[in-house]
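Residue numbers (the working numbering): 25 to 483. Quick notes on the structure that follows.
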């Protein structure tokens with residue numbers, strides 16, 4: 025968009041400079057010669073170039089995404105839906121100097137004919153006069169002079185990317201930092217998920233007994249160019265009856281993780297283990313622990329790659345139902361495998377998110393076992409192909425903490441996306457997934473599908 029602003033500034037500058045000159049033209053003066061016009065044009069061109077050199081410290085980027093979706097995700101009935109929605113996101117960055125930046129990142133969502141995610145009554149309806157602008161990020165980033173440390177304060181995105189975005193991956197208010205200590209890169213922060221109980225009189229409810237705070241610290245080391253590993257520690261300190269931990273109780277959820285990555289020119293191997301231990305504040309009724317294992321192998325070649333990913337989460341065999349991961353502030357789990365039904369649809373705006381394997385099995389206490397193969401390939405004439413397939417099972421269809429499921433097999437998903445890029449700015453694609461649903465959903469469950477035609481414009 026900064027290029028668009030620059031292209032518009034030139035004719036505007038010409039108009040602004042030329043208008044006073046024409047207005048001051050004395051009556052009766054002879055018409056300018058060709059040489060006079062050349063001199064005037066050269067002068068205006070030079071002045072415009074000077075204007076362009078004085079660039080604003082603010083830049084804009086983001087994307088526009090229009091999607092037409094047809095899907096049937098009901099495993100008990102062959103119900104299909106079709107809708108069109110769109111999203112415009114804009115990130116405004118102001119680099120005030122080498123040490124200070126300001127960022128605002130917002131979006132406008134408008135499912136066609138629906139009110140979308142905004143609160144007005146007519147966000148995407150006729151007249152489109154609802155309040156539809158959302159703030160995703162709003163923060164200041166401060167770089168410590170003469171060092172590699174930086175601090176970011178405000179609404180910002182933060183997540184557990186190394187652990188398939190379990191625990192959290194969202195926009196949140198807080199303070200984060202990043203810097204180097206010897207061979208280790210340290211990142212972390214403190215974030216406020218809830219202040220008080222959200223009553224009308226905020227001053228009466230800003231009590232630490234109602235807070236939800238998230239603390240994070242990660243250390244990553246690079247012993248060599250091809251190998252690095254990291255250690256992660258985090259805590260969700262939940263003092264709120266809003267029960268963001270899924271247990272309807274006040275707890276302290278502690279997370280400890282380790283990951284490692286080994287990458288050469290054509291091959292890469294990585295893995296991670298994340299352990300969770302929950303402790304009840306008021307009683308031991310919500311005490312529990314669990315873990316998650318992820319293993320990856322990736323093959324690169326010119327214009328393409330192929331990844332094999334295995335995930336395991338044990339079933340919750342506790343008597344109190346606390347030996348499991350619970351949905352907190354994420355909504356982005358399993359997003360990197362090109363899946364749309366059992367994994368999270370990477371491009372979804374306001375439609376179905378997917379991630380059925382996570383929400384139907386792992387978070388309900390049945391655990392999860394999955395094997396996923398995914399990849400991408402650049403084709404000729406700016407075409408591209410993305411694909412993925414995955415097989416998913418419950419770790420146990422009859423854990424002590426949950427009702428007996430009909431079976432262990434969640435199902436198999438096959439997905440692909442074919443697209444073409446135009447003018448280096450936008451691309452048009454068609455993607456689809458088909459889910460062969462397993463006996464976990466019944467003796468004869470309905471298969472599922474999702475097909476999306478998309479226009480995606482990045483700027």
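We put the beta carbon where it would ideally sit given N, CA and C, even for glycine.
task: Please report the residue range of the beta strand (DSSP E) in which residue 374 lies.
output: That residue, residue 374, is in no beta strand (DSSP E); it is neither H nor E in DSSP.
- Item | C-beta contact flag for residue 392 and residue 414 at 9 Å | no
Taking the DSSP output, what are the residues bridged to residue 92? 108 and 477
Contact belief for residue 345 with residue 389 at Cβ below 8 Å, rounded distance in angstroms: 6 Å
Item to check | Spatial neighbours of residue 163 in its chain, beta-carbon cut-off 7 Å, leaving aside the 5 residues before and after | outcome: 127, 176, 177, 178, 179 and 180
Checklist line | Rounded C-alpha distance that separates residue 51 from residue 67 | finding: Note that residue 51 scores a pLDDT of 42, beneath 50, so its modelled location is shaky; the value from the coordinates is reported in the next line. Taking the straight line from one Cα to the other gives about 23 Å.
* Asked: Who does residue 453 pair with in a DSSP beta bridge?
  -> Residue pairing by DSSP puts residue 453 in a beta bridge opposite 443 and 478.
With a CB to CB cut of under 8 Å and the five nearest residues on each side skipped, what residues in its chain are close to residue 160?
113, 129, 130, 131, 179, 181 and 195
Exercise for the section: Pick helix, strand or coil for residue 63, following the three-state DSSP scheme. Expected result: In this structure, DSSP gives residue 63 a helical state, which the three-state scheme calls helix.
Measure the beta-carbon distance from residue 119 to residue 81 and round it to whole angstroms, keeping in mind my assumption that it falls under 8 Å. 5 Å
Pick out whichever of 167, 235, 357 and 63 has its Cα sitting closest to the Cα of residue 377. 357
For residue 329, the first and last residue of its enclosing beta strand (DSSP E)
328-337
Put residue 259 into one of helix, strand or coil per three-state DSSP. strand
For the beta strand (DSSP E) that contains residue 211, what are its first and last residues? 208-218
- Query: Which of the three DSSP states, helix, strand or coil, is assigned to residue 483?
  - Reply: coil
- Residues bridged to residue 300 (per DSSP): 279 and 314
Hey, how far is the Cα of residue 379 from the Cα of residue 321?
22 Å
Own chain residues within Cβ distance below 6 Å of residue 336, not counting five before or after = Counting only Cβ-Cβ distances below 6 Å, and skipping sequence neighbours, we find 317 and 393.
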